[in-house]
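K.L.:
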Amino acid sequence: MQSQSTAAPSAPAQPVVTEGVVQAQADGADVPEKGGARGKAHARTRGRGHGNDARVRPGDTTYLHTSVPSPSSAQPQPRVQEKEARSGSGSLTRTLDSVQTRLAKNDLSGARASLAGVLAADPHNGYALSLRDQLASREQARDASLNAARACVVQSRWHCVWHNAGAALSVDASSTEAKALVDRAIIESGAATAPAGPGPDNVQVPMVQ
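With our numbering applied, the sequence shown corresponds to residues 9 to 217, in that order.
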C-alpha cells in the first residue's frame, strides 16, 4: 500500500501596505485589471482596511485619505489686512480734513458732528483731539456772547442784543439762536440797516429787510 503525502496548505495572502495604499494579491494568481477599477475602488472601500479583521479582496486597492483644511477657512492674508487698515485710515483722514474745512467756515455744528464720528472710530487720534480742543474753545466764546445777548433781551436793550448775537454769529455761523436774536433785535429796534460796528472786528451779520 502506497503512502500518500499530504502537502501543507499555503498561507493566505497578507495585505501589503506601501505609502498609504493597501494591496492584496493571491500567490500565483493572475488577477486581470478591470477598466477603472483602481479609480473607483477608494469610493467603495473608504474607511476600511484599518482594523485587524478587515478583508481585502484580491485585486482591490484602498487609498487612505487624510482631511486637508479648506483654503477658504484660512486666516485673511496679511496684505488684505494691510489694505483694509489703509482704507480705514484714509477714510479718517478725509473726515478730519472735512472737520478742518468746517472750522475754517465757522460751521461749528457740522464740525462737531463730523468729529464725533472720527473719535468714535479712533478715540486716541491726536489730530482729532487737537481739533476737538479748538472746537470747544470756539463754542465757549459763542456761548458767552449768546448769554450776554439773552441778558440784553430781558432788558429790551436791542442794540446790545444785536451786538452780542452778532459776535456769537461771527464765531459760529451755524448757530440758529444767534441768527434769531439778530433778526429780532433788528425788528424790535425798527432799524432798516445794522448799526455801525456789530460785534468784534466790525463783523457783518445778516439783516432783515
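Quick reminder that beta carbons are idealized off the backbone N, C-alpha and C, glycines included.
#1: Kindly indicate which three-state DSSP category glycine 198 falls into: helix, strand or coil?
#2: Is histidine 132 helix, strand or coil when you go by DSSP?
#3: My guess is that leucine 143 and leucine 123 are in contact by the Cβ rule of under 8 Å, so how many angstroms apart are they, rounded?
#4: Determine contact between the region 112 to 132 and the region 174 to 189, defined as no fewer than three beta-carbon pairs at a distance below 8 Å.
#5: Indicate the three-state DSSP secondary structure (helix, strand or coil) for asparagine 172 in the structure shown.
#6: Among the residues of its own chain, which have a CB less than 8 Å from the CB of valine 126, if the five just before and after it don't count?
#7: Assign aspartate 141 to one of two classes, buried (16 or more other C-beta atoms within 10 Å of its C-beta) or exposed (fewer than that).
#8: Note down, in chain order, each residue of its chain lying with its Cβ closer than 8 Å to the Cβ of valine 161, except the 5 sequence neighbours on either side.
#9: Straight-line CA distance for glycine 98 to arginine 110?
#10: Let's test the definition: count the other Cβ atoms within 10 Å of the Cβ of serine 178 and tell me whether it reaches 16, buried, or not, exposed.
P.N.:
In short, the structure shows the following:
#1: Here glycine 198 sits in coil by DSSP.
#2: Three-state DSSP puts histidine 132 in coil, outside helix and strand.
#3: Their Cβ separation, rounded to whole angstroms, is 6 Å, which keeps leucine 143 and leucine 123 in contact under 8 Å.
#4: Because the criterion of three Cβ pairs below 8 Å is met, the region 112 to 132 and the region 174 to 189 touch.
#5: In this structure, asparagine 172 counts as helix in the three-state DSSP scheme.
#6: Listed in chain order, the non-local C-beta contacts of valine 126 below 8 Å within the same chain comprise Leu100, Thr103, Leu104, Val107, Asn133, Ala136, local neighbours out to five positions each way being set aside.
#7: With fewer than 16 other Cβ atoms within 10 Å, it is exposed.
#8: So the list reads Val169, Leu189, Arg192, once near-sequence residues are dropped.
#9: So the two alpha carbons sit approximately 19 Å from each other.
#10: Classification of serine 178: buried, given that the 10 Å Cβ count is 16 or more.
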